[in-house]
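Worksheet: one structure, shown below.
Residue numbers (my numbering): 173 to 242.
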């Protein structure tokens, strides 16, 4: 099963600054709902831990983030 987060946003900032932020695990972690940790494994791959809670059920997921179409 894959969690796919897609979308498009216009950001009022210089392209270089936005690019650097999207490649900063700390900034990207804050953009992923429930993300507890995000660690760079390579230039395009990261390991992530996400905690989700729906009603009384809480689950922790470990997975990978892959940057594509760079």
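Backbone N, C-alpha and C define an ideal beta-carbon position, used for all residues, glycine too.
In the DSSP assignment, find the unbroken beta strand (DSSP E) run with residue 200 in it and report its ends.
-> The residue you call residue 200 lines up with position 28 of the chain shown. Element bounds for residue 200: not the beta strand (DSSP E) but the alpha helix (DSSP H), 197-203.
Which first and last residues belong to the beta strand (DSSP E) in which residue 210 is found?
-> Counted from its first residue, the chain shown places residue 210 at position 38. 207-212 is the span of the beta strand (DSSP E), which, as asked, contains residue 210.
Would you report the Cα separation of residue 227 and residue 207, rounded to the nearest angstrom?
-> Residue 227 sits at position 55 when you count from the first residue of the chain shown. Residue 207 sits at position 35 when you count from the first residue of the chain shown. Taken atom to atom, the span from the alpha-carbon of residue 227 to that of residue 207 is near 18 Å.
Kindly identify the DSSP beta-bridge partner or partners of residue 178.
-> Here residue 178 is taken as the residue at index 6 of the chain shown, counted from 1. According to DSSP, which records beta bridges pairwise, residue 178 is partnered with nothing at all.
Excluding sequence positions up to five away, which residues of its chain have a Cβ less than 6 Å from the Cβ of residue 234?
-> Indexing the chain shown from 1 puts residue 234 at position 62. Result list for residue 234: 221, in chain order.
Bridge partner(s) assigned by DSSP for residue 190 | Stepping through the chain shown from its first residue, residue 190 is reached at position 18. The partner list for residue 190 (beta bridge, DSSP) is empty, contrary to what the question assumes.
Segment limits, beta strand (DSSP E) that includes residue 231 = As a working mapping, residue 231 is identified with position 59 in the chain shown. Run containing residue 231: 229-238, per the beta strand (DSSP E) assignment.
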